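Trainee: Numbering (the working numbering), first residue to last: 67 to 233.
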């Protein structure tokens, strides 16, 4: 992991390199939490991270949930609500069945995990750069779930976009 400090902000890179086979500039950030709620069998959470290859930006949303297995398809999108009550519908292009993962040092907490993959265009990046997220809705084979985003997590994507665009 490579860390850069940008205007008092910590940019935690998984990768920040030029691919030696393609010549593409690849920037990938460490996942950061935007939602976490403690449940009886451990936390449920949402992590996000961005990857930029040349000028193409992909948003990864990792959803960790308890309960029954579920899946996502290319029709299962994500909607973000902002502090000005506007919304942004993001098109997921990933289909997968949730993977059962053990979390924590003892493995006592287990969740089903899926990753939404969303290619962001310039207008979506602009909205995510200038607005605070207050709610996130994800769709899956089981319907939809709303996640309230606490104020302390509302700027995570703004900061990540700043990191990939300043490097």
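Yeah, the Cβ is synthetic: ideal placement off N, Cα and C, and Gly gets one too.
The structure displayed is predicted, hence computed values, not measured ones.
Considering just the uninterrupted stretch of the beta strand (DSSP E) at residue 155, what are its terminal residues?
Mentor: The sequence position of residue 155 within the chain shown is 89, counting from 1. Boundaries of the beta strand (DSSP E) around residue 155: 153-156.
Trainee: Just the C-alpha distance for residue 187 and residue 206, rounded to the nearest angstrom, thanks.
Mentor: Sequence index remark: in the chain shown, residue 187 carries index 121 (1-based). Sequence index remark: in the chain shown, residue 206 carries index 140 (1-based). Each residue's Cα considered, the two are about 23 Å apart.
Trainee: Residue 119 bridges to which residues according to DSSP?
Mentor: As a first step, residue 119 is located in the chain shown; it is residue number 53 there, counting from the start. Looking at the DSSP assignment, residue 119 forms a beta bridge with 92, 122.
Trainee: Counting only the same chain and skipping the five closest in sequence on each side, list residues whose C-beta sits under 6 Å from that of residue 149.
Mentor: In the chain shown, the residue the question calls residue 149 occupies position 83. Cβ neighbours of residue 149 beyond the five flanking positions: 198, 200.
Trainee: Go ahead and pull the three-state DSSP assignment for residue 197.
Mentor: Here residue 197 refers to the residue found at position 131 of the chain shown. Residue state, collapsed to three classes: coil.
Trainee: Could you tell me which residues DSSP pairs with residue 109 in its beta bridges?
Mentor: Taking the first residue of the chain shown as position 1, residue 109 is located at position 43. Answer is 104, bridged to residue 109.
Trainee: Relative to the C-alpha of residue 85, which candidate in 127, 160, 120 has its C-alpha closest?
Mentor: Here residue 85 refers to the residue found at position 19 of the chain shown. Out of 127, 160, 120, 120 has the C-alpha closest to the C-alpha of residue 85.
Trainee: Report all residues from its chain with a CB closer than 7 Å to the CB of residue 191; omit the five preceding and five following residues, and keep chain order.
Mentor: On the chain shown, residue 191 is found 125 positions in, with the first residue counted as 1. Excluding residues within five positions, the ones whose Cβ falls inside 7 Å are 123, 227.
Trainee: So for residue 137, helix, strand or coil by DSSP?
Mentor: Residue mapping note: residue 137 aligns to position 71 of the chain shown, counting from 1. It is a strand residue.
Trainee: Starting from the C-beta of residue 97, find all residues in its chain whose C-beta is less than 8 Å away, skip the five residues before and the five after it, and write them out in chain order.
Mentor: Along the chain shown, one-based indexing puts residue 97 at 31. Excluding sequence neighbours, residue 97 sits near 113, 114, 115, 126, 128.
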